[in-house]
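There are 2 protein chains.
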Amino acid sequence: MSTIKDVAEAAGVSIATVSRALHGLPRVSEATRQRVLAAAAELRYVASPSAASLASGQTNAIGVVAPFVNRWYFAAIVHSAEERLRMAGYDLLLYSLGTDAHERRRAFSGTLLRKRVDGVLVLGLHPTAEEAAALSAVGGPVAIVGADVPGWASVRIDDADAARCAVRHLLGLGHRRIGFIGGADPLHTAMPADRRTGYRAELAAVGLPDTSGLEAVGGFTVGGGYAAAVRLLALPDPPTALFAASDEMAMGAVQAARRAGFRVPEDVSVIGIDDHEMAELMDLTTVAQPVVAQGVLAAEMILTALTDPERPLPAVKVPTELVVRGTTGPAPG
Amino acid sequence: MSTIKDVAEAAGVSIATVSRALHGLPRVSEATRQRVLAAAAELRYVASPSAASLASGQTNAIGVVAPFVNRWYFAAIVHSAEERLRMAGYDLLLYSLGTDAHERRRAFSGTLLRKRVDGVLVLGLHPTAEEAAALSAVGGPVAIVGADVPGWASVRIDDADAARCAVRHLLGLGHRRIGFIGGADPLHTAMPADRRTGYRAELAAVGLPDTSGLEAVGGFTVGGGYAAAVRLLALPDPPTALFAASDEMAMGAVQAARRAGFRVPEDVSVIGIDDHEMAELMDLTTVAQPVVAQGVLAAEMILTALTDPERPLPAVKVPTELVVRGTTGPAPG
DNA sequence: CTGAAAGCGCTTACAG
DNA sequence: CTGAAAGCGCTTACAG
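Protein sequence lines, in the order shown, are assigned to chains L and Y. In terms of the UniProt record's numbering, the first sequence opens at residue 1 and continues consecutively. In terms of the UniProt record's numbering, the second sequence opens at residue 1 and continues consecutively.
Here is the structure:
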């Protein structure tokens, strides 16, 4: 492995000049620059990131903290953010937490991130004030997707709004008994509470404030959504529509309804939130959120903050959109 | 941010002793070690990874090269490998290539990885001999999932075998006109060819060597599988069964069949490979492959190679298993 | 435009 | 058991 010294010798200049030439800094003559570039290419020189970091104080890496990478929402955002960050020359360090509280503590304490990344991208987690402070102390800019935290850049949808939109759609179809399948996420994902709030608010607005018995926990998985729907549909007076706080839970609910002998949407309507990649396939009505855009936007917020630390960090809400497909229809009777 | 010097002063020892104590090396008295640990905790000291790497020559990071992270197979493997590697104290650097040939070249050339990681995990790609040589030149051990490369550790399923198993299931149900929906992946994923080979071989073995006109390209996406199925089912003499080289394509095929007025499985059977997380929900018959196990196994191969560079690198094939669900049934007529 | 030199914060033989 | 010191490979003022 060649070092900067080898390149310097080959080009007949000092290592300082090699460094400048390779970084495209001014105050290097064109002739020298060409000689250096040629020598570097010839020797297949790659600068040592460790040495560069140590000397410059920058790591050229961004940490991504997410509860999972193997769920549609997170995978899509990681993918789009990675693409944007790599374009800008940054590496991506992945920290997926799973459901382990200990891992979460480690990640947010900064032990894992400190001195290792220039900035942090947090996905779909709702940090406590303490955690937020700890992560901020890591140093670089932090951007969060799916929630907002004072002092951080953020990009998210309006969860309460999205939920109200879904419920409004069902109300418009004549439904009055509308069940909710929500989260109860051990990792404090931001959305469950807000989406439930929206659900309740929209029903209260039309004089249906009593949702007791109509709410079930789905844990944001297909299986959880399935189980929750089974429970709600087994009620003596079952709901005629189910609103799930995510498409994955909604898909589980559709399947549960069909297996229990309900026709969808004739006997029971189902709506989700996301517009998951499989939603069209399952003909699922949903409130779509733009994931690629959120990932790219968050990445760009970090990049901007990195080049211009003075600029205030933006908090953006991206719009959602009702996508009507085949799992919702007029209330029966 | 405190440095090793701060800890040394606080504990009243040299930085060499701090380093030893913190790494749990021998030749440090218990009393000293405790004093150092206390001082480090007090100062919230975190060692600089850059400095440590530069001095030790190890990065404590593993690079993961994958074409995508937002597809079930890759996301699941990344997730499980990450968990295992982090347990061992390694960071994960993510390089997702997308479909960009230029990105692929960069990743495999080693420019991105050299001096940056101790080992590399390659997922679902079939490197050319040239690319393999370039990646090997990066230095550390390389493990590959979903293919095998001489000189690398590998873990995969037997793709031809899995395909034959799927086709055998269909033959056993009396099907004779069996369509194939395969890959044509711009990134040279390993599997398409092998799975097609298995499909052809199994048919040839029962005297049905002519598959011309029965093969279609699905690109490993739901939409691609849908389009491929539309084409095959529009044939004058359409197949009575479809074998898709992945569950995502199979799901698309099921939907396409239903929308075209075919009952599944009465009119047409569909089988995939994977046991995708949504496969049960869609009641899809498939040949299951263990993804979590493959990710963990590959991670462990790298860890072993890192601690014991002498040991020969294993090439493991993990078993697959036919999972019969509701999308396959007896051939009509 | 270019170079000599300090310094980034560690690890690791080498002495003792 | 402990410390002084060299060295890892860069970047970046500072001179010239």
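Even for Gly, the Cβ is constructed at its ideal location relative to N, Cα and C.
State the Cα-Cα distance for the pair residue i and residue j, rounded to the nearest angstrom.
| i | j | result |
| --- | --- | --- |
| A147 (chain L) | T304 (chain L) | 19 Å |
| V117 (chain Y) | V65 (chain L) | 20 Å |
| I302 (chain Y) | V120 (chain Y) | 8 Å |
| S269 (chain Y) | I178 (chain Y) | 9 Å |
| A153 (chain Y) | V323 (chain L) | 46 Å |
| G98 (chain Y) | G151 (chain Y) | 26 Å |
| P265 (chain Y) | A184 (chain Y) | 27 Å |
| R164 (chain Y) | D275 (chain L) | 35 Å |
| R86 (chain Y) | L93 (chain Y) | 11 Å |
| L203 (chain Y) | M282 (chain Y) | 27 Å |
| L43 (chain L) | T3 (chain Y) | 35 Å |
| K5 (chain L) | I144 (chain Y) | 34 Å |
| E9 (chain Y) | A101 (chain L) | 34 Å |
| G272 (chain L) | D247 (chain L) | 5 Å |
| V122 (chain L) | P236 (chain Y) | 53 Å |
| Q289 (chain L) | T32 (chain L) | 52 Å |
| G207 (chain Y) | R176 (chain Y) | 10 Å |
| H188 (chain L) | A132 (chain L) | Note that H188 (chain L) scores 49 on pLDDT, short of 50, meaning its location in the model is unreliable and no value can be drawn from it. |
| residue 339 (chain Y) | R104 (chain Y) | Given a span of 1 to 333 for chain Y in the structure shown, any question on residue 339 (chain Y) remains unanswerable. |
| A241 (chain Y) | H79 (chain Y) | 34 Å |
| R27 (chain L) | E300 (chain Y) | 49 Å |
| G89 (chain L) | N60 (chain L) | 7 Å |
| F243 (chain L) | G261 (chain Y) | 30 Å |
| V7 (chain Y) | L113 (chain L) | 20 Å |
| T221 (chain L) | R259 (chain Y) | 27 Å |
| A234 (chain Y) | V287 (chain L) | 34 Å |
Measuring CA to CA, which of the options is closest to residue i?
| i | options | result |
| --- | --- | --- |
| A315 (chain L) | L:S56, L:R156, L:L22, L:S53 | L:R156 |
| Q255 (chain L) | L:Y226, L:E266, L:G272 | L:Y226 |
| A134 (chain L) | L:T111, L:I144, L:A143, L:L123 | L:T111 |
| G224 (chain L) | L:V13, L:G333, L:F180, L:A193 | L:F180 |
| V46 (chain Y) | Y:S29, Y:S19, Y:Y95, Y:D210 | Y:S19 |
| S14 (chain Y) | Y:P26, Y:A31, Y:A88, Y:V36 | Y:V36 |
| G333 (chain Y) | Y:T285, Y:D267, Y:R325 | Y:D267 |
| M278 (chain Y) | L:V291, L:T286, L:A253 | L:A253 |
| V296 (chain L) | L:G261, L:A260, L:S96, L:R84 | L:R84 |
| V291 (chain Y) | Y:V318, Y:T285, Y:F243, Y:L113 | Y:V318 |
Quick one: using the 10 Å Cβ neighbour count with 16 as the cut-off for buried, is residue i buried or exposed?
| i | result |
| --- | --- |
| T320 (chain L) | buried |
| residue 351 (chain L) | Look at the range of chain L in this structure, 1 to 333, and you will see that residue 351 (chain L) is not part of it. |
| P49 (chain Y) | buried |
| M249 (chain Y) | buried |
| P239 (chain Y) | buried |
| K115 (chain L) | buried |
| M1 (chain L) | exposed |
| H126 (chain L) | buried |
| T128 (chain L) | exposed |
| A11 (chain L) | buried |
| T307 (chain Y) | exposed |
| Q34 (chain Y) | exposed |
| L232 (chain Y) | buried |
| D91 (chain Y) | buried |
| P141 (chain L) | buried |
| D159 (chain L) | buried |
| S212 (chain L) | exposed |
| G57 (chain Y) | exposed |
| G182 (chain Y) | buried |
| G63 (chain Y) | buried |
| L25 (chain Y) | exposed |
Since I believe residue j is in contact with residue i (beta carbons under 8 Å), could you give me their beta-carbon distance rounded to a whole number of angstroms?
| i | j | result |
| --- | --- | --- |
| A40 (chain Y) | L22 (chain Y) | 6 Å |
| G124 (chain Y) | D161 (chain Y) | That belief does not hold up - the Cβ atoms of G124 (chain Y) and D161 (chain Y) are roughly 18 Å apart, past 8 Å. |
| L54 (chain L) | A51 (chain Y) | 5 Å |
| A81 (chain L) | A298 (chain L) | 6 Å |
| F245 (chain Y) | R195 (chain Y) | A small correction: the amino acid at residue 245 (chain Y) is Ala; Phe does not occupy that position in the sequence shown. With a Cβ gap of about 4 Å, A245 (chain Y) and R195 (chain Y) count as contacting. |
| G174 (chain Y) | P330 (chain Y) | 6 Å |
| A229 (chain L) | A257 (chain L) | 6 Å |
* Pair every Cβ in the segment 164-174 of chain L with every Cβ in the segment 209-227 of chain L, then say whether three or more of these pairs are closer than 8 Å. => no
* To do: Kindly confirm or deny that the segment 69-82 of chain Y and the segment 69-88 of chain L touch, where touching means at least three C-beta pairs closer than 8 Å.
  => yes
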